[in-house]
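Structure first, then comments.
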Amino acid sequence: AQSVSQHNHHVILSEAASLELGCNYSYGGTVNLFWYVQYPGQHLQLLLKYFSGDPLVKGIKGFEAEFIKSKFSFNLRKPSVQWSDTAEYFCAVNDMASSASKIIFGSGTRLSIRP
Amino acid sequence: DAGVIQSPRHEVTEMGQEVTLRCKPISGHDYLFWYRQTMMRGLELLIYFNNNVPIDDSGMPEDRFSAKMPNASFSTLKIQPSEPRDSAVYFCASSLREKGFNEQFFGPGTRLTVL
C-alpha cells in the first residue's frame, strides 16, 4: 500500500542544535512533496514544497528539504533551531499517478526545543 | 484574503446528539477536503470533493458520518448520532489544482468533544 513514513515520533533538541527529520514514501512515480508544520493549538501550515526542478527546496523560517529520488526520501533540515520551532511536523506526498488530488500525510514528528 | 473558515471552533455535545461542522473554502478553489486528527490515529482524510462532487469517501469511518457540498462556497460534515470516540479536531482544507500541483490550505479546525 502507498504510505508515508516518518520514523521519528518525538525529537527533543536544545536551541541552536541542528535538525533533520526523516521522511520516506513508497510511491514509484511522479510525486509532489510537502512539509507542513502545526504549532501548538493551531492548524497545519505549509512549510515548503517540492514540485520539480532543484531537489533542494528552501522554505520559510530557515527550513529546507532535499528530495532524493533514489532513496524515496524528503528529509527536513534546519541548521540551528529556535524555541519557537516547537511544533509537530508532517511530511506529505501527492502521488500524481494514482490521485493527483489526494495528499497522503505521514504520522507526524513532534519537535520539542529546550530553551 | 480570507483563508479557509470553519465553524464552530469548539463544540461540546452529549453522546447521541447530532453534530454539524461547517466549512467555507477559499474562493475559487475547486477541491475541498475533510480531515480528522486524533492523538491515536494522527491526521486522517475522511472525504474530499472536486467541484462540489464527492470523489473519495473511503475514509469516512461509519454511516454515522456524512458530508455534503451544496455549492462551491460551503460544505458540512455531519455526525449522527455522535459517540465519545468521535472526539477529535476536524480540519477542512481547500486547494486549486494548477499545472498538476495541489497545495492544500487548512482551516483552523473544529475541536469536537462528545461526552
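As you go down the protein sequences, you meet chains S and G in turn.
Mapped onto the numbering used here, the consecutive letters of the first sequence carry residue numbers 1 to 115.
Mapped onto the numbering used here, the consecutive letters of the second sequence carry residue numbers 116 to 230.
Quick reminder that beta carbons are idealized off the backbone N, C-alpha and C, glycines included.
Keep in mind the model is a prediction, meaning the values are calculated, not measured.
Can you name, in chain order, every residue of its own chain whose Cβ lies under 6 Å from the Cβ of S:G41, other than the five neighbours on each side?
Excluding sequence neighbours, S:G41 sits near nothing in its chain.
Thinking G:V127 and G:S197 are a contact (beta carbons under 8 Å), I'd like their distance in whole angstroms, please.
Their Cβ separation, rounded to whole angstroms, is 11 Å, which puts G:V127 and G:S197 out of contact at 8 Å.
Measure the alpha-carbon distance for S:E108 versus G:I170 and round it to whole angstroms.
The question names Glu, but residue 108 of chain S in the sequence shown is Gly. Roughly 26 Å between the two C-alpha positions.
Output yes if chain A places a C-beta closer than 7 Å to the C-beta of G:L158; else output no.
No chain A is present in this structure, whose protein chains are S and G.
Please say whether G:H125 and G:R226 have beta carbons closer to each other than 7 Å?
In this structure, G:H125 lies closer than 7 Å to G:R226 by Cβ.
Should S:H43 be labelled buried (16 or more other beta-carbon atoms within 10 Å of its own) or exposed?
Under this definition S:H43 is a buried residue.
What residues from the region 151–175 of chain G come within 8 Å of chain S, judged by C-beta to C-beta, listed N to C?
Correct list: G157, L158, L160, Y163, N165, I170 and D171.
Return yes when the Cβ of G:T228 is within less than 7 Å of the Cβ of G:S190, no when it is not.
No; because the gap between Cβ atoms is not below 7 Å, this pair is not in contact.
Classify G:S210: buried if its beta carbon has 16 or more other beta carbons within 10 angstroms, exposed otherwise.
G:S210 comes out buried.
Would you grab the beta carbon distance between S:K102 and G:L160 for me? Rounded to a whole angstrom, and I think it's under 8 Å.
The Cβ separation is near 7 Å, so the contact holds.
Any beta-carbon of chain G closer than 7 Å to the one on S:L44?
Cβ-Cβ to chain G under 7 Å: yes for S:L44.
State yes or no: is the beta carbon of S:G108 nearer than 7 Å to at least one beta carbon in chain G?
S:G108 counts as touching chain G.
In terms of residues, what are the limits of the beta strand (DSSP E) holding G:C219?
Residue 219 of chain G is actually Gln in this sequence, not Cys. Premise fails: G:Q219 is in no beta strand (DSSP E) and is neither H nor E.
Within 10 angstroms of its Cβ, does G:L230 collect 16 or more other Cβ (buried), or is it exposed?
Classification for G:L230: exposed.
So for S:S5, helix, strand or coil by DSSP?
In this structure, S:S5 counts as strand in the three-state DSSP scheme.
For the beta strand (DSSP E) containing G:W149, name the first residue and the last one.
G:W149 -> beta strand (DSSP E) spans Y146 to T153.
Measuring CA to CA, which of S:Y36, S:G29, S:T86 and S:Q45 is closest to S:A65?
Nearest C-alpha to S:A65: S:Y36.
Looking at chain G, is there any beta carbon in it that lies within less than 7 Å of the beta carbon of S:F105?
So, interface residue.
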